[in-house]
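Visitor:
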Amino acid sequence: MAMGLTLLQSEHQRVALAISRLGGCAREWALTCGRSVDAAFLTWDQLNQQLSRVFAPPNQAYHIRSKFLATRQGKKDLLAYVQELRTLIAGKAADPLPELVSVTVFMEGLRVRAARTEVFRVHPNAFGEAVDVTLNAVHNFRSARPG
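Per UniProt numbering, the sequence shown runs over residues 1 to 147.
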């Protein structure tokens, strides 16, 4: 659907495609919002905002932020941990935390291993940089082991 949206020329086409792809309660809601769908949602942003307002659970931003701040690597492998953090960062895009907070949460959540030592030694300023340093440290550690 995302690829289809980028190929469409006008806002009206984007809104019409998105509404045609909705299902269940969301489709029923969109089709009964006004006298016509064209008048109810003039732009893609309006449709997105209204869908979020109606169907997003209350306090969603709070729950995402608290889950983000409490996330730890635990028994997950590094890539799963990074992906979980990236998903939570994307979920709080409307009200983002400062970049250094994201870096600190990532660093504190890492298991104590060579990657954690390396990322604390470098102390990066951006989340992407911290992930790169960590992944490089893991790769270097694995490639240095014999056998």
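Think of the CB as a built atom: it goes at the ideal place given N, C-alpha and C, for glycine as much as any other residue.
Sort 108, 13, 65, 47 by Cα distance to residue 90 and report the nearest one.
Guide: Mapped onto the sequence shown, residue 90 falls at position 90. Ranking 108, 13, 65, 47 by Cα distance to residue 90 puts 65 first.
Visitor: Output the distance between the C-alpha atoms of residue 123 and residue 106, rounded to the nearest integer angstrom.
Guide: Position 123 of the sequence shown, counted from the first residue, corresponds to residue 123. Position 106 of the sequence shown, counted from the first residue, corresponds to residue 106. Answer to the nearest angstrom: the Cα atoms are 11 Å apart.
Visitor: Smallest Cα separation from residue 40: which of 15, 63, 53?
Guide: For the purposes of this step, residue 40 is taken as residue 40 along the sequence shown, with counting starting at 1. Comparing Cα positions, the closest option is 15.
Visitor: Applying the 10 Å Cβ sphere with the 16-neighbour rule, what's the burial state of residue 32?
Guide: Residue 32 sits at position 32 when you count from the first residue of the sequence shown. Looking at its Cβ environment, which holds fewer than 16 other Cβ atoms inside 10 Å, residue 32 is exposed.
Visitor: Just to confirm the assignment, what range does the alpha helix (DSSP H) spanning residue 92 have?
Guide: Position 92 of the sequence shown holds residue 92. Residue 92 -> no alpha helix (DSSP H), and no H or E assigned at all.
Visitor: I think residue 83 touches residue 110, with their Cβ atoms under 8 Å apart; what is that distance to the nearest whole Å?
Guide: Translated into the one-based positions of the sequence shown, residue 83 becomes position 83. Translated into the one-based positions of the sequence shown, residue 110 becomes position 110. With a Cβ gap of about 14 Å, residue 83 and residue 110 do not count as contacting.
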